[in-house]
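Asker: Let me give you the structure first, and then I'll get to my questions.
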Amino acid sequence: MNDYDVIVVGAGNAALAAAVSAKENGADRVIVFEKAPRSMRGGNTHWSGGVLRFAFDDPREIAPLVPDAERQHEEFYAGIEPYTKADYHGDLMRVTSGRTDPSLSRILVDNSKDTVFWMKQVGCIEMEPATTLSAVRKDNKLVWARGLVVRAAHEGVGLSRSWFATAERMGIEIRYGSAVIELLQDGRGRVNGVRLRDDAGVSDVLGHAVVLGCGGFEANVQMRTQHIGPLVGAAKVRGTPHNQGDGLRMAMAIHAMPWGQWSGCHATPISADWGDFAPRELTDKSNRLSYIYGVMLNRQGKRFVDEGEDGALFTYAKFGRAILAQPGAKAWQIFDSRVLHLLEPRYSTSKPIIGNTFEGLLDQLDIDDKKTALATLKAYNDAARINEDKYDPSRKDGVRTEGLELDKTNWARRLDAPPYHAYSATGGITFTFGGLRVTEKAEVVGTDWRPIPGLFACGEMIGGLFYDNYPAGTGLVSGATFGRIAGREAARPGNA
Amino acid sequence: MAQIQDPITLRLADHVKAIGRHSLSLRGLSMARTGIIDTIGVTLAGVPENCTKILLKTPGVATASGKALVMGTEKRTTTLDAAFINGTASHALDYDDFSSDFGGHQSVPLVAPLFALAEERGANGMQILLAYVAAMEALIRLARAVNFVHYDKGWHPTSTLGVFGAAAACGYLVGLDRERLATAFALAASMSSGLKANFGSMTKPFHVGHCARNGLLAVLMAEQGFEARHGVMEHKQGFFDVYNGPGLYDVEKLFTDWANPLEVEGPGIALKQFPCCGSTHPAIAMMLKLAQEEGVTPANVTKIEILPHARRMPHTDNPWPVTPLQAKFSVQYGVVRALLSGAPKINHFEGTASLEPEVQRLLSITTAAPHPDMPRDGKDQWGAEVIVTTLDGRRLSRRVNQMVGRGGDNPMTSSELWEKFADCAERGIPRANIAPLFDKLESFEEIHDVHEVTRLLECPAPSEAPRFTEVEREGVPLQTSWVP
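Residue numbers (our numbering), protein chains in the order written: chain A, 8 to 503; chain B, 174 to 657.
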């Protein structure tokens, strides 16, 4: 006799979507095992910005999600371009250099809008226009980044809260401080329960099906070093300290197949002044993503990326890693006073180093080769004279340097208005790209290329969607899409 | 432990100090945490109110530097001044929790001084919670000994008794010995003040700030060796005889069944769910039920009948409110607003919210009358029934016989608490801080350092520098707070 119909491991966006979906689809007894205590619940969702990227043909389709938007913002829909499935898939293909899993990415894109509506209707997730994320005011109307219009009210923390409230209201049992340490199988190889470690000790809990939604291995220094390399091993962790790769290891211990880019991760530029783990109450305020308005120097005094390659939304997830590859895993972001008002408010959580001249500024920074640094800044200024009057922070303006070994290809205005401000940056890891192979029904596939009966996975545990990079707002929608599928399939009486 | 012949302040000190982690059930823990969450919320709601703003510009107030935050600002000052201003802000809207046994508001005298002191001395969440629980025991017990003579005479118990609660809270947190804690109570007795005659003015919330500051001051003075008469309560010219009158109090009620059960778990403790007159709350709650359980919407209603208990009617029968104050005292508006917008929010009682066309249309199909079968002088005087007629001719109703705030066996759910908190907090701190703050407070007993909470209670003043002030300029991204 099973204790439960569906056992869900983890309690972030994907896991709770799975739990709610299982309940919605007829599973009577659904339990969520959350390894973290109550005070740390919710996985990486808590740290996220709550943005939801989804496809729509007509901007007015999103109206039911944000019914007040038109009242709050004049001509709200005029500034939103359609974001078709082809656009969405194109973005995924572009940022992953064409490597995103063809069938999983299709499921994600094709279901994206329906998923977000389901989150609202069944998940009771409050939503709002992501004005402060992706809207730019132009000619007195808001112009939106494509596909990024809606987010959860109160961002990731609000999203997490809403999921827990809905799960509790639906009668889903949630147990905190309960670490699943092993998957149990019956004689025929079907996953039929989990081994649990909690304050009372170790015990077995049986269930008809198990959904793993407990994240990647970004907080596990051993796995980070082993799979991604020593540079990322040294990264600071932006999210939950509980994502230790447990689910991946448990699944692989019963021969689940690893899939996707195990050497890849989402790592963003964050302040170097912070500790190894981000304080929970400051969520994402360590991010340092306004580098597009300045230049970044490493400790050898050299630039190392094209800061203006694309909007920060399309480069932040890989530039963190680029910084980690620099000496001391550190970089300095340098701005002149003309762009200070463009910096995200989050920059106010650390104090800049300020100098009235390049020399005066560089003197105060822990850059080893200051001569090179000065030469780099001067060379940048010399190469950045062109098209200055076309400078436009609201879009890729093509204002670029010419003739540098590494050009800056947008927003390349001279740095010539002192005082100059420098902010430290390092790489903060958000989540890992490596995961498990799953079917279109979110069944976990074994190394024998057959589904493992009774075992499902969702969220960051699914491998194959992201390589090298990631378009903002995709993770939560992917989590809810596959969580919803996993929960529904796990709830089927005769699944697998 | 105290002997029966010991002075009352000394006995009270012993009783307060005896409370510890072992005294607290899970329910007590949850009630205490809820009280603190709600109080922080209403404090932030009080930040932009005039009483708070005037204190902040009063010469000599909060001019000294210190470690204690004036909530909703970036100013840090002395514990005394922070307790004073935050305490006043917490009662500014009269939206904070209350206790029918106490005859006043039990949390506001405690939370502001506790947070100020915790910031200066360092404290974890559990220590603050226990200090809050121990102080509430002293506070409400004292009320049992003196009420309702005390209240009826014209004292404002929230402050006249609150000063003892503030002293108990602060003395418990810093760990004063029994003698010095008794001294702090004796000092508090001489600072006890607050006249109900000042109700209806901004001096009512001032009472709270004043008693919070004075209770804290008593502890700080006692800690340094200041002296006071331990027998000041029972003295013939002491607190009981002077404030109540000889024979008009019962000291034994102060100590009988002390902490058994804890006052913080008591059925008389309740939260205010809506920012309007408490007499309108039962009817508003019934309309919310109709909307949630029967799917009643503004579009499918042809008639709304409100039947409150007769005693709730005289001050809330206000069919066409115009000013915010009239709106707060209109049961018709409260009910209509609930149908239109869900649980009423602070901004529904500001400006011209009650004059919105849809509100006016709904008011025109609304009536209110005393309930025909809720006895005027019966035991339950806080009931209401709401009946709606729908387009398809059905008559649907919900009724509650007694609902004094939300507490006892009808506590606010976590979601309702969040809804109120978010509405309140938005007035005092950046929006991005609100959910992380609530998240921290929801497991308050687990936080290691009070600064994990107070750093989120800061609100930077609008900057003079060009830095973030140009965010609305053409072609410039609006202020961002995202993170993918």
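All C-beta atoms, glycine included, are put in the ideal place defined by N, C-alpha and C.
Because the structure is a prediction, the values reported are computed rather than measured.
1. Around the Cβ of Ala638 (chain B), are there at least 16 other Cβ atoms within 10 angstroms (buried) or fewer (exposed)?
2. When burial is assigned at 16 or more other CB atoms within 10 Å of the CB, is Lys358 (chain A) buried or exposed?
3. Applying the 10 Å Cβ sphere with the 16-neighbour rule, what's the burial state of Val123 (chain A)?
4. When the distance is taken between beta carbons, is Ala456 (chain B) closer than 8 Å to Val508 (chain B)?
5. Under a Cβ-count criterion, where at least 16 other Cβ atoms within 10 Å of its own Cβ denotes burial, should Trp328 (chain B) be classed as buried or exposed?
6. Rounded to the nearest angstrom, how far is the Cβ of Ala216 (chain A) from that of Lys148 (chain A), given a contact under 8 Å?
7. Specify the secondary structure class of Ile179 (chain A) as computed by DSSP and reduced to three states.
8. Chain A beta carbons: is any one of them nearer than 8 Å to that of Leu629 (chain B)?
9. Against chain A, with Cβ distances strictly below 8 Å, would Ile607 (chain B) count as a contact?
10. Going along the segment 611 to 627 of chain B in order, which residues come within less than 7 Å of chain A, judged by CB to CB distance?
11. Of the residues B:Leu390, B:Lys377 and B:Thr333, which one's Cα is nearest the Cα of Val347 (chain B)?
12. What does Gln229 (chain A) pair with, by DSSP beta-bridge criteria?
13. Does DSSP put Glu466 (chain B) in a helix, a strand or coil?
14. Strictly below 8 Å CB to CB, what residues from chain B border Glu288 (chain A)?
15. Should Pro282 (chain B) and Ser332 (chain B) be called a contact, given that it needs their Cβ atoms to be closer than 8 Å?
16. Can you tell which of B:Lys190, B:Ala526, B:Thr540 and B:Gly601 has its C-alpha closest to the C-alpha of Glu558 (chain B)?
17. Do three or more CB pairs link the segment 63 to 70 of chain A to the segment 34 to 45 of chain A at distances below 8 Å?
18. Which runs of the beta strand (DSSP E), 3 residues or longer, sit entirely within the segment 43 to 102 of chain A?
19. Please tell me whether Ser503 (chain B) has its Cβ less than 8 Å away from any Cβ of chain A.
20. Can you pull the chain B residues whose beta carbon is under 7 Å from the beta carbon of Ser46 (chain A), in chain order?
21. Can you name the residues of chain A whose CB is closer than 7 Å to the CB of Ser588 (chain B)?
22. List, from N- to C-terminal side, the alpha helix (DSSP H) runs of 4 residues or more that fit wholly inside the segment 364 to 433 of chain A.
23. Using DSSP with H/G/I as helix, E/B as strand and the rest coil, what is Leu190 (chain A)?
24. Skipping 5 residues on each side, what residues in its chain have a beta carbon closer than 6 Å to that of Ala308 (chain B)?
25. In chain B, what lies closer than 8 Å to His161 (chain A) by C-beta?
26. Let me know if Lys325 (chain A) comes out buried or exposed under the rule of 16 or more other beta-carbons within 10 Å of its beta-carbon.
27. How about Arg78 (chain A): is its C-beta nearer than 8 Å to some C-beta of chain B?
28. Check the Cβ-Cβ distances between Val406 (chain A) and every residue of chain B, and say whether any is below 8 Å.
29. Considering just the uninterrupted stretch of the beta strand (DSSP E) at Leu511 (chain A), what are its terminal residues?
30. List, in order along the chain, the chain B residues whose C-beta lies closer than 8 Å to that of Arg168 (chain A)?
31. Under DSSP, the alpha helix (DSSP H) around Cys658 (chain B) begins and ends at which residues?
32. I'd like the span of the beta strand (DSSP E) that includes Leu444 (chain B), first residue to last.
33. Using a Cβ distance threshold of 8 Å, determine whether the segment 409 to 427 of chain A contacts the segment 192 to 202 of chain A, with at least three qualifying pairs required.
34. Could you tell me whether the segment 97 to 105 of chain A touches the segment 469 to 487 of chain A, where touching means 3 or more Cβ pairs closer than 8 Å?
35. In the DSSP output, what is Pro265 (chain A) paired with across the bridge?
36. Residues in the same chain with beta-carbon distance under 6 Å from Gly494 (chain A), minus the five sequence neighbours each way, listed in chain order, please.
Answerer: Answer, in terms of the structure:
1. Any answer about Ala638 (chain B) is weak, because its pLDDT of 35 lies below 50 and its placement is not dependable; what the coordinates show is given next. With fewer than 16 other Cβ atoms within 10 Å, it is exposed.
2. Per the 10 Å Cβ criterion, exposed.
3. The C-beta of Val123 (chain A) has 16 or more other C-beta atoms within 10 Å across all chains shown, which makes the residue buried.
4. Yes, they are a contact pair.
5. With 16 or more Cβ atoms within 10 Å of its Cβ, Trp328 (chain B) is classed as buried.
6. Rounded to whole angstroms, the Cβ separation of Ala216 (chain A) and Lys148 (chain A) is 49 Å, and the two are not in contact under 8 Å.
7. In the three-state scheme derived from DSSP, where H, G and I count as helix and E and B as strand, Ile179 (chain A) is classed as coil.
8. Yes, Leu629 (chain B) counts as interfacial toward chain A.
9. Yes - at least one Cβ of chain A is within 8 Å of the one on Ile607 (chain B).
10. In summary, the residues of the segment 611 to 627 of chain B whose CB is separated from some CB of chain A by less than 7 Å are Asp612, Lys613, Ser616, Glu619 and Glu625, in the order they occur in the chain.
11. Of B:Leu390, B:Lys377 and B:Thr333, the residue nearest in Cα terms is B:Leu390.
12. Its beta-bridge partners do not exist; DSSP assigns none.
13. Assignment of Glu466 (chain B) by DSSP, reduced to helix, strand and coil, places it in the helix class.
14. Listed along chain B, the residues sitting closer than 8 Å to Glu288 (chain A) by beta-carbon distance are Pro609, Leu610, Asp612, Lys613, Glu625, Val626, Arg628 and Leu629.
15. Yes. Within cutoff.
16. Ranking B:Lys190, B:Ala526, B:Thr540 and B:Gly601 by CA distance to the CA of Glu558 (chain B) puts B:Thr540 first.
17. Taking 8 Å as the limit for Cβ pairs, the verdict is that the segment 34 to 45 of chain A does not touch the segment 63 to 70 of chain A.
18. Within the segment 43 to 102 of chain A, not a single complete beta strand (DSSP E) segment reaches 3 residues in length.
19. Ser503 (chain B) does not count as touching chain A.
20. Under the 7 Å cutoff, chain B gives Ser616 and Glu619.
21. Neighbours of Ser588 (chain B) on chain A, chain order: Ala172.
22. Segments of the alpha helix (DSSP H) lying fully in the segment 364 to 433 of chain A: 365 to 371 and 377 to 390.
23. In this structure, Leu190 (chain A) counts as strand in the three-state DSSP scheme.
24. If you ignore the 5 residues before and after Ala308 (chain B), its C-beta comes within less than 6 Å of the C-beta of Leu283, Gly338, Ala341 and Ala342, all in its own chain and listed in chain order.
25. Near His161 (chain A) (Cβ distances below 8 Å), the residues of chain B are Ala595, Arg604, Ile607 and Ala608.
26. Taking all protein chains in view, the Cβ of Lys325 (chain A) is crowded by 16 or more other Cβ atoms within 10 Å, so the residue is classified as buried.
27. With respect to chain B, the C-beta atom of Arg78 (chain A) has no partner C-beta closer than 8 Å.
28. By this cut-off, Val406 (chain A) is not an interface position.
29. Limits of chain A in this structure are 8 at one end and 503 at the other, which puts residue 511 (chain A) out of reach.
30. Within chain B, Trp591, Ala608, Phe611 and Asp612 have C-beta atoms less than 8 Å from the C-beta of Arg168 (chain A), given in sequence order.
31. This structure cannot speak to residue 658 (chain B), because chain B is shown only from 174 to 657.
32. Where Leu444 (chain B) is concerned, the enclosing beta strand (DSSP E) stretches over Ile442 to Leu444.
33. Counting Cβ pairs under 8 Å, fewer than three are found: no touch.
34. A contact exists between the segment 97 to 105 of chain A and the segment 469 to 487 of chain A.
35. Paired residues: A:Leu443.
36. Around Gly494 (chain A): Ala25, Ser28 and Ala29.
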